[in-house]
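This report concerns only the one structure given below.
Chains as they are written, first to last, in this note's numbering: chain A, 1 to 389; chain B, 390 to 913.
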């Protein structure tokens with residue numbers, strides 16, 4: 001693991017020192033047929049040819065070599081390692097595949113906490129807003145965050161003051177999972193008053209940052225961090241945002257990354273919600289209750305799941321598994337078979353139990369969850385899809 | 390002039406008012422004067438007729454009936470009394486007053502009906518009477534000999550008599566007062582259930598609902614087209630219930646004995662009652678009433694099943710009377726001379742068709758009911774009653790394969806196995822009640838405050854339940870119902886704490902909004 005961290009930190013230094021940017025590094029790797037940053041790191045002395053550098057690059061390279069972190073690089077790596085920071089990069093399997101095709105995504109990400117929150121099968125919603133929310137904004141944030149978290153949705157935010165902090169807090173309070181995308185290296189906490197929350201997320205959730213430890217905090221970077229925040233989510237919810245709020249950057253990133261934007265309405269006289277009204281005018285989705293978001297997520301997840309069950313081979317494999325080792329069947333697998341049945345006609349619980357040959361309680365709880373998530377509904381006491389194909 | 394001679398005698402007797410056994414005093418006085426026989430003390434016509442029975446039996450036993458002015462008073466005289474159980478006491482008081490017999494006993498308690506030849510017959514209400522006997526008492530207690538079994542059951546020592554002559558012999562001390570009781574034992578082994586749960590193999594939702602209903606004593610509403618096995622399911626449910634405990638059995642016998650003389654079989658059997666109530670049932674037949682306040686079906690179903698078939702056909706007024714007993718476990722009948730309280734803890738099992746023709750759910754194209762007919766049919770059941778049903782289950786059409794399996798008589802005995810299991814699950818529930826320091830009750834009967842703590846819900850689980858209730862637009866009572874059912878589901882898995890999965894399953898048994906049930910076509 002240390003080699004990986006060493007290589008990633010080195011690349012981050014190159015990028016932070018403005019010697020090369022992410023694209024240049026990837027081009028360089030492509031030219032030399034390298035498959036990972038570790039390979040680049042070991043071959044750095046041959047590859048970083050000063051002769052090919054421009055004047056500016058040479059100057060920056062010199063500056064970097066004189067800097068403290070470069071001179072004491074092993075100590076620097078130790079520091080990162082001892083504060084529990086891990087890293088992964090574009091070439092790693094854990095790098096979320098839904099970021100692959102987006103432009104301008106970070107080459108390296110640092111993390112602290114539970115990486116499984118980035119799994120493709122989980123639903124994630126970003127909740128962002130102003131740093132100075134009104135009572136209305138705090139209350140709306142709390143309600144949405146709580147409800148979504150209770151539905152096992154991962155809440156993503158930026159750990160800023162105001163709405164961000166409230167979103168993280170309310171999610172953790174009801175035992176939910178949350179991701180904070182930080183605007184600074186993970187060895188520091190910004191803003192300082194959220195130190196406790198930061199610690200708690202590192203234990204119960206996931207902290208992510210594009211920046212390597214010890215890099216200075218710059219205000220200019222704040223908007224750029226928002227592109228990661230929106231890219232990680234299925235949709236972005238803006239609970240309260242003023243006219244010039246940085247939150248609107250997140251919304252425009254989301255729109256560019258084809259993530260749905262939801263905004264909570266308020267009265268037209270409310271100054272603190274001016275940004276929301278602007279967004280709604282520009283065609284953002286309106287969110288008045290958590291179910292609005294759930295319905296959207298159900299839609300996204302539904303198509304994701306439906307694509308997976310198209311293959312008959314897959315289905316037969318699942319059915320065989322049910323008959324041979326019923327105790328090993330996971331909830332996801334039952335869901336797939338249920339969706340496939342309901343997709344073609346309205347069915348009762350009895351029908352499903354008989355078809356699958358699983359105990360009633362097993363099937364009922366999965367059906368109940370799917371109903372709560374808004375994927376299916378009861379009509380004349382049979383289940384039908386809420387989504388019309 | 391001859392001194393006016395008044396001869397007096399008194400004995401005690403036991404009578405019932407409602408379900409309450411009470412002690413009364415029967416006094417007889419004989420004066421000089423024209424021969425007459427008068428009974429006072431607010432007796433009804435059955436007591437007025439006692440005069441003739443007493444006269445005939447005294448004579449046929451070879452005693453003299455006084456040819457003087459005879460007055461009998463039954464006190465307390467301000468309470469109305471009824472029944473033929475005073476016969477024996479009146480006869481004994483008269484014999485003592487005339488001086489034909491003398492008794493060495495200080496106090497005599499005696500009741501029973503007399504035939505014209507002096508035979509002593511049993512009367513209803515033995516259990517309540519015997520329970521009202523004071524624990525510390527001196528003297529003699531004579532009962533019809535068939536009541537000795539009940540006395541043995543209750544651990545009360547009494548002497549049984551067969552006829553008036555026998556009673557006279559004991560009262561006057563010629564025959565020893567043999568109050569030795571032969572102990573009564575219950576039939577511990579329940580008979581084979583009339584229907585086995587394996588009959589429902591084609592309807593997993595229904596069989597799960599039955600098991601849950603039995604495991605937590607949850608009220609059940611079954612909806613299904615005609616012939617989907619609703620009545621059968623109710624019978625199966627009875628077979629799933631463990632036997633009555635001794636206390637429960639005595640409770641039940643008190644009600645039963647108030648209505649009829651108990652047969653030895655009823656006395657011994659521990660099968661829980663199953664009351665199949667017809668939909669023409671009147672309100673006083675349902676909750677009890679009448680001039681002398683007799684218990685109704687809700688009390689006769691005590692600790693057992695009250696089955697209401699064709700729920701919408703019942704008079705809405707009768708159904709609404711069920712709300713109080715469902716909530717408090719008892720029913721109070723008010724009369725001008727006082728209130729009667731009858732126990733009424735029962736498992737309400739009800740069944741209905743989805744619409745008048747019954748085809749609405751299964752084959753909507755054949756359903757001939759209009760939307761307004763369907764809503765008026767379903768609307769006959771008040772929301773308040775529906776709110777008290779813990780489990781709502783739909784019985785689907787029976788498929789060919791399950792038809793086949795019901796034809797084959799494989800003689801599976803799954804109900805018996807389940808009965809054992811459910812007995813264990815009740816034990817778990819009782820133990821939890823003990824730990825929480827509340828009276829022993831099953832989950833479905835629990836009306837305590839702070840259900841979350843008693844039922845061991847975590848903070849997150851409580852929040853989840855509240856969220857589900859909000860999303861499914863349940864009432865507060867609906868939420869409590871779901872919580873109780875979730876606890877039973879967890880008990881079936883022998884899980885100490887309730888988990889989210891249990892709540893989700895409980896949610897699937899919720900009552901539909903009737904609008905939701907009939908919606909269907911409107912928004913499709």
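Beta carbons: idealized from backbone N, C-alpha and C, even for Gly.
Ends of the beta strand (DSSP E) at residue i?
i: residue 89 of chain A; result: 86 to 89
i: residue 385 of chain A; result: 382 to 385
i: residue 890 of chain B; result: No beta strand (DSSP E) holds residue 890 of chain B; the alpha helix (DSSP H) holding it covers 889 to 896.
i: residue 4 of chain A; result: Element bounds for residue 4 of chain A: not the beta strand (DSSP E) but the alpha helix (DSSP H), 2 to 16.
i: residue 729 of chain B; result: 727 to 732
i: residue 855 of chain B; result: Element bounds for residue 855 of chain B: not the beta strand (DSSP E) but the alpha helix (DSSP H), 848 to 860.
i: residue 611 of chain B; result: 609 to 613
i: residue 740 of chain B; result: 736 to 741
i: residue 377 of chain A; result: 376 to 379
i: residue 695 of chain B; result: 694 to 697
i: residue 703 of chain B; result: Looking at the DSSP string, residue 703 of chain B is not in any beta strand (DSSP E), and its letter there is neither H nor E.
i: residue 623 of chain B; result: Element bounds for residue 623 of chain B: not the beta strand (DSSP E) but the alpha helix (DSSP H), 619 to 629.
Does the Cβ of residue i have 16 or more other Cβ atoms within 10 Å, making it buried, or fewer, making it exposed?
i: residue 8 of chain A; result: buried
i: residue 616 of chain B; result: exposed
i: residue 916 of chain B; result: In the structure as shown, chain B starts at 390 and stops at 913, and residue 916 of chain B therefore has no counterpart that could be examined.
i: residue 1 of chain A; result: exposed
i: residue 451 of chain B; result: exposed
i: residue 662 of chain B; result: buried
i: residue 272 of chain A; result: buried
i: residue 747 of chain B; result: buried
i: residue 619 of chain B; result: buried
When the cut-off is 7 Å and only beta carbons count, does residue i lie next to chain A?
i: residue 767 of chain B; result: no
i: residue 760 of chain B; result: no
i: residue 754 of chain B; result: no
i: residue 805 of chain B; result: no
i: residue 856 of chain B; result: yes
i: residue 592 of chain B; result: yes
i: residue 600 of chain B; result: no
i: residue 779 of chain B; result: no
i: residue 896 of chain B; result: yes
Near residue i, which residues of its chain fall below 8 Å by C-beta distance, leaving aside the five closest residues on each side in sequence?
i: residue 327 of chain A; result: none
i: residue 295 of chain A; result: 374, 386
i: residue 817 of chain B; result: 880, 883
i: residue 367 of chain A; result: 338, 349, 352, 376, 383
i: residue 834 of chain B; result: 606, 718, 734
Say whether chain B places a C-beta atom closer than 7 Å to the C-beta of residue i.
i: residue 296 of chain A; result: no
i: residue 361 of chain A; result: yes
i: residue 142 of chain A; result: no
i: residue 389 of chain A; result: With a pLDDT of only 44 at residue 389 of chain A, under the threshold of 50, the placement of this residue in the model should not be trusted; the figure read from the coordinates follows. Chain B, which has no Cβ nearer than 7 Å to the Cβ of residue 389 of chain A, makes this no.
i: residue 68 of chain A; result: no
Need the endpoints of the alpha helix (DSSP H) that residue i sits in, please.
i: residue 481 of chain B; result: 476 to 487
i: residue 841 of chain B; result: 840 to 843
i: residue 154 of chain A; result: Residue 154 of chain A -> not in any alpha helix (DSSP H); beta strand (DSSP E) instead, spanning 154 to 157.
i: residue 60 of chain A; result: 55 to 66
i: residue 199 of chain A; result: 195 to 204
i: residue 25 of chain A; result: 22 to 32
i: residue 500 of chain B; result: Here residue 500 of chain B belongs to no alpha helix (DSSP H), and DSSP marks it neither H nor E.
i: residue 83 of chain A; result: Premise fails: residue 83 of chain A is in no alpha helix (DSSP H) and is neither H nor E.
Here's a check: name, in chain order, each residue in its chain whose Cβ is nearer than 7 Å to the Cβ of residue i, leaving out the five neighbours to either side.
i: residue 473 of chain B; result: 435, 439, 502, 512
i: residue 414 of chain B; result: 399, 401, 464
i: residue 18 of chain A; result: 60
i: residue 353 of chain A; result: 360, 363
i: residue 710 of chain B; result: 672, 675, 676
i: residue 239 of chain A; result: 127, 129, 137, 140, 141, 144, 163, 264
i: residue 115 of chain A; result: 94, 206
Could you pull out every residue in the same chain whose Cβ sits closer than 6 Å to the Cβ of residue i, ignoring the five residues on either side in sequence?
i: residue 226 of chain A; result: 249, 250, 253
i: residue 162 of chain A; result: 130, 131, 132, 133
i: residue 188 of chain A; result: none
Sequence ranges, alpha helix (DSSP H) only - wholly within the region 515 to 584 of chain B, length at least 4:
For the region 515 to 584 of chain B, whole alpha helix (DSSP H) runs of length 4 or above, ordered along the chain, are 515 to 520, 537 to 543, 553 to 560.
Which runs of the beta strand (DSSP E) fall wholly inside the region 407 to 439 of chain B and span at least 3 residues, in chain order?
Runs found: 409 to 420, 425 to 429.
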